[in-house]
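Here is the structure we will look at.
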Amino acid sequence: EVQLVESGGGLVQPGGSLRLSCAASGFTLSRYDMHWVRQVTGKGLEWVSTIGSLGDSHYPGSVKGRFTISRENAKNSLYLQMNSLRAGDTAVYHCVRGADVDGFDIWGQGTTVTVSS
Amino acid sequence: EIVMTQSPATLSVSPGESATLSCRASQSVGSNLAWYQQKPGQAPSLLIYGASTRATGIPARFSGSGSGTEFTLTISSLQSEDFAVYHCQHYNNWPPRFGQGTKVEIK
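And the structure:
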């Protein structure tokens with residue numbers, strides 16, 4: 001079964017760091033573009049980062065310089081290193097696979113990040 | 118950056134009726150648009166990509182249309198499992214952005 005399972009969320013103080021992990025099963029993660037998308041409870045979706053199949057990475061201005069996406073092929077896993085966290089980063093973070101064709105076709109259930117003192 | 122605007126925010130529909138959801142882009146995204154369905158407590162799931170192509174396993178009652186800046190998702194003969202939030206997303210360039218979502222609720 002094709003599946004993504006996130007972990008690593010939790011409560012962190014403003015200015016702190018957190019590393020999210022995403023374990024993929026049923027497919028080879030490195031063959032796909034992989035993304036992180038976040039969602040504030042009851043709100044819309046916000047794209048957070050992408051790592052391409054060739055290793056290129058992209059970020060929106062809101063997290064650029066603070067967040068780093070990476071993958072470990074041997075573990076078939078995706079990561080998101082989040083530094084200098086702010087209250088506005090509080091959300092559920094989903095690990096997402098880019099489809100072979102277009103769109104984001106496989107979504108993990110998400111891990112919750114809460115930034116609060 | 119391209120801004121995606123969905124309307125209406127909430128749509129009240131009776132089971133068996135059809136629903137029409139709109140998504141507008143602040144500049145042309147060609148056909149590089151996807152629609153997602155999100156049920157309460159669940160992650161989103163891909164419905165439509167390329168503005169009009171149904172993803173694998175999506176029933177024919179879901180149809181997408183449009184190009185450029187104006188897009189529509191039509192759900193014909195709404196079933197109980199179709200009441201959810203629907204998000205549009207462009208992937209024409211960086212950053213790929215989502216609309217704020219349309220909630221389809223039971224009338």
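Chains as they are written, first to last, in the working numbering: chain A, 1 to 117; chain B, 118 to 224.
All C-beta atoms in this analysis are idealised placements derived from N, C-alpha and C, irrespective of residue type, glycine included.
All figures in this text were calculated on a predicted structure; none of them were measured in a lab.
Between the CA atoms of residue j and residue i - distance to the nearest angstrom
i	j	result
B:G158	A:L4	16 Å
B:P125	B:L195	17 Å
A:H58	A:I51	7 Å
A:E1	A:Y93	21 Å
B:E187	B:N149	12 Å
B:T122	B:F215	8 Å
From the options, residue whose alpha carbon lies closest to that of residue i
i	options	result
B:Q144	B:R214, B:A172, B:P132, B:G185	B:G185
B:G181	B:H204, B:S197, B:F200	B:H204
A:D102	B:W152, B:K224, B:S131	B:W152
A:G120	A:Q39, A:C22, A:S7, A:G108	With chain A covering only 1 through 117, there is no way to say anything about residue 120 of chain A.
A:G26	A:G42, A:S77, A:L45, A:Q81	A:S77
A:F104	B:I119, B:A160, B:R141, B:S131	B:A160
B:I223	B:I119, B:T127, B:E118, B:Q206	B:T127
B:F200	B:I119, B:E118, B:V120, B:V130	B:V130
Beta-carbon proximity of residue i to residue j, cut-off 8 Å
i	j	result
B:I193	B:R178	The sequence given here has Ser at residue 193 of chain B, not Ile. Yes, they are a contact pair.
A:L11	A:M82	no
Open item on the list: Along the stretch 28-50 of chain A, where does the CB come closer than 9 Å to a CB of chain B? Name the residues.
Closed with: Within the stretch 28-50 of chain A, the residues whose Cβ lies closer than 9 Å to some Cβ of chain B are H35, V37, Q39, K43, G44, L45, E46, W47, T50, listed in chain order.
- [ ] Could you name the residues of the stretch 65-83 of chain A whose beta carbon sits closer than 9 Å to any beta carbon of chain B, in the order they occur along the chain?
- [x] Listed in sequence order: no entries.
TODO: Decide yes or no for the touch test of the stretch 118-138 of chain B against the stretch 163-175 of chain B: beta carbon pairs closer than 8 Å, at least 3 of them.
DONE: Touching, no.
TODO: Output, in sequence order along the chain, the residues in the stretch 200-215 of chain B whose CB is closer than 7 Å to any CB in chain A.
DONE: If the cut-off is 7 Å between Cβ atoms, the stretch 200-215 of chain B has H204, Y208, W211, P212, P213, R214, F215 near chain A.
Open item on the list: Using a Cβ-Cβ cutoff of 8 Å, what residues of the stretch 78-112 of chain A are near chain B? List them in chain order.
Closed with: So the list reads H94, A99, V101, D102, G103, F104, D105, W107, G108, Q109, G110, given in the order they occur along the chain.
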